[in-house]
Amino acid sequence: MVHAYILIQTEVGKAAQVASTISSIAGVTKAEDVTGPYDVIVRAEAETVDELGRLVVARVQSVDGITRTLTCPVVNI
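When the letters of the sequence shown are read in order and numbered with the numbering used here, they come out as residues 9 to 85.
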């Protein structure tokens with residue numbers, strides 16, 4: 009299982025709506041609106057890195073109000 013944090017920037021005033029919409033996507037385990045340089049932080053999981061990539065590109069990035077994403081895979085060192 010691959011886990012990642014997805015840092016999201018949204019249009020002004022859209023963070024809560026984006027977090028709510030993303031939280032219903034399969035593979036998303038948590039979505040919260042936050043303060044700072046990013047507006048929403050998402051915790052996601054998938055079976056493979058390729059599946060995680062498809063989740064981000066096909067499902068998360070298609071949510072209305074998102075302007076930019078940064079995906080940070082979790083590593084076990």
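Idealized CB from N, CA, C, for every residue including glycine. Please read these numbers as outputs of a predicted model, since none were measured by experiment.
- By the 16-neighbour rule on beta-carbons within 10 angstroms, alanine 23 is buried.
- Of the other Cβ atoms in all chains shown, fewer than 16 fall within 10 Å of the Cβ of aspartate 72; this residue is therefore exposed.
- Note on the region 14 to 48: whole alpha helix (DSSP H) runs with a minimum of 4 residues are 23 to 30, in chain order.
- Taking C-beta atoms as the reference points, isoleucine 16 and valine 48 count as a pair closer than 7 Å.
- DSSP, reduced to helix, strand and coil, places glutamate 53 within a strand of the structure shown.
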